[in-house]
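**Student:**
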Amino acid sequence: MRPTRRGLLKTAAIGAVGLAAPAILPRGALAQTKRITIADVGGAPAAAIKTAFCDPFQQETGIEVVNVAHDADPVSQFKMLVDTKTFLWDACMVTPDHVARLHEAGDYIETLGFAPESVDGMIPGTLTADWAGFSVYGIIMAYRNDKFGENGPKTWADFWDVEKYPGRRGLYRGASGMLELALLADGVAPQDLYPIDMDRAFAKLDQIKEHVSVWWASGAQNTQILQNGEVDMSDSWAGRTFAAIDAGAPVTPVWNGLYNVDGWSVVKGTPHLEEVREFCRFCLRPDRQGHYSSIVANGPTNNGAFEHMDADRAHRMPTFPDNIKNLTMLNSEWWTANNDKVVERMEEWLLL
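Take the sequence shown: its letter number 206 is residue 286 in our numbering, and every next letter is one higher.
Pasting the structure below:
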């Protein structure tokens, strides 16, 4: 995604050796390093991570946190670091699907060193023994209110109803999330989405295919087609919906769909284990998550974070109580087991 990625990672991994007396390290131990390196998704989230987490952590502990970008799918990189004992970074921003694949491949992830129940306010399913979720993105619906006013589609069955809601449609050119939305349109209850009935989902996608004007492939494209009116309605990543709104587009979000979570997992064998564990826990603090979600349009995993956010901003978050009640978390176990065959079938279907 970026040139000289390996060079950037190597540069970021050069640690300064020194002493620090971190305020939050357990047992009052002195840190053996002043630097840890984390790998994230880059872009706007990376800037928010630095501002909300990395810089304040250094101020409190004296431990610098360098953030570098990982590949779009970081699993191979993560495994390589452990297999070669080349610790270019100490922790990585991963989804539950990435974690499941790493577990399937072997012993690649360190435990976080604290029990999930020891952290108050966490949304269920966003904290495990070796994964600390902190950033939630929603897969929702958005429509142009200059086309529909206040009477736009409210459900995925509405989205599929081309007679009641005529207009140009956009859909994501990918498998993850698409099958679930098709099943929701076909009347499947959210709690019954998994295991996914692929034949039923593709049959429902057949019904909408000829009415899709744009198969979007990136978040930037998603914002663009909503903003410039190229489509009248689309599925959308929540942050991209609000990017269009903030740019002045007459777009209405519909909190109906799915969500997924990014979080930290620690690289097995890192020489900076205690420091990076404390950083992971630091990122779960309500004040830190509130700051993060005030900068980037991803929701917090700690419900206490909303007390540290502007009220209008809080209402935009996928995890705000009124919003998340209409969203279903992607099932990482199902996708880990079925991803390859679903992606292959989706690509073949798109070409037909």
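C-beta atoms are modelled at their ideal positions from N, C-alpha and C, and glycine is treated no differently.
For the pair the region 145-161 and the region 115-126, tell me if three or more CB-CB distances fall below 8 Å.
**Tutor:** Contact holds: three or more Cβ-Cβ distances are below 8 Å.
**Student:** Counting Cβ pairs, one atom from each stretch, are 3 or more of them under 8 Å apart for the region 293-309 and the region 318-334?
**Tutor:** With the cut-off at 8 Å, the region 293-309 and the region 318-334 touch.
**Student:** Check the DSSP bridge columns for Ser314 and list the partner residues they point to.
**Tutor:** Residue 314 sits at position 234 when you count from the first residue of the sequence shown. DSSP, once it has assigned bridges, lists Ala222, Gly250 as partnering Ser314.
**Student:** Among Asn403, Met409, Ala195, Phe362, which has the Cα closest to the Cα of Ala132?
**Tutor:** Translated into the one-based positions of the sequence shown, residue 132 becomes position 52. When each option's Cα is compared against that of Ala132, the closest is Phe362.
**Student:** Could you tell me the distance, in whole angstroms, from the CA atom of Lys227 to the CA atom of Asp326?
**Tutor:** To locate residue 227, count along the sequence shown from 1; it is residue 147. To locate residue 326, count along the sequence shown from 1; it is residue 246. Spanning the two alpha carbons is a distance of roughly 18 Å.
**Student:** Could you tell me the alpha carbon to alpha carbon distance between Pro330 and Gly337, rounded to whole angstroms?
**Tutor:** Taking the first residue of the sequence shown as position 1, residue 330 is located at position 250. Taking the first residue of the sequence shown as position 1, residue 337 is located at position 257. Between Pro330 and Gly337, the C-alpha separation is close to 21 Å.
**Student:** Given that a residue counts as buried once 16 or more other Cβ atoms are within 10 Å of its Cβ, and exposed if not, what is Ile104?
**Tutor:** As a working note, residue 104 is residue 24 in the sequence shown. Because Ile104 carries a pLDDT of 46, less than 50, the predicted location of this residue cannot be relied on, and no value is offered for it.
**Student:** Given a cut-off of 8 Å on the beta-carbon distance, is the pair Ser345 and Ile189 in contact?
**Tutor:** Counting from one through the sequence shown, the residue named residue 345 turns up at place 265. Counting from one through the sequence shown, the residue named residue 189 turns up at place 109. Yes; because the gap between Cβ atoms is below 8 Å, this pair is in contact.
**Student:** With a cut-off of 8 Å on the beta carbons, I'd call Asp392 and Gly213 a contact; round off their distance for me.
**Tutor:** In the sequence shown, counting from the first residue as 1, residue 392 sits at position 312. In the sequence shown, counting from the first residue as 1, residue 213 sits at position 133. Incorrect: roughly 24 Å between the Cβ atoms, too far for contact.
**Student:** Tell me which residues share the same chain as Gly203 and place their Cβ nearer than 7 Å to its Cβ, disregarding the 5 neighbours each side in the sequence.
**Tutor:** Here residue 203 refers to the residue found at position 123 of the sequence shown. Sequence check: residue 203 is Ile here, not Gly. Closer than 7 Å at Cβ, skipping near neighbours: Thr381, Asn383, Thr399.
**Student:** Measure the alpha-carbon distance for Val423 versus Asn340 and round it to whole angstroms.
**Tutor:** Here residue 423 corresponds to residue number 343 of the sequence shown, with the count starting at 1. Here residue 340 corresponds to residue number 260 of the sequence shown, with the count starting at 1. Distance between the alpha carbons of Val423 and Asn340 is about 18 Å.
**Student:** When we look at the beta-carbon of Ala209 and count the other beta-carbons within 10 Å, is it buried (16 or more) or exposed?
**Tutor:** Here the question's residue 209 lines up with position 129 in the sequence shown. Answer is exposed; the Cβ neighbour count stays below 16.
**Student:** Along the chain, where does the alpha helix (DSSP H) that runs through Met258 open and close?
**Tutor:** Locating residue 258 in the sequence shown gives position 178, where the first residue counts as 1. Run containing Met258: 258-265, per the alpha helix (DSSP H) assignment.
**Student:** Give the DSSP-derived three-state secondary structure of Ile129 in the structure shown.
**Tutor:** In the sequence shown, residue 129 corresponds to position 49, counting from 1. Ile129: helix per DSSP, three-state reduction.
**Student:** Does the separation of the CB atoms of Asn403 and Met397 fall below 8 Å?
**Tutor:** Numbered from its first residue, the sequence shown carries residue 403 at position 323. Numbered from its first residue, the sequence shown carries residue 397 at position 317. Contact flag set, yes.
**Student:** Are Arg253 and Trp296 closer than 8 Å when you measure CB to CB?
**Tutor:** Taking the first residue of the sequence shown as position 1, residue 253 is located at position 173. Taking the first residue of the sequence shown as position 1, residue 296 is located at position 216. A contact, by the Cβ cut-off of 8 Å.
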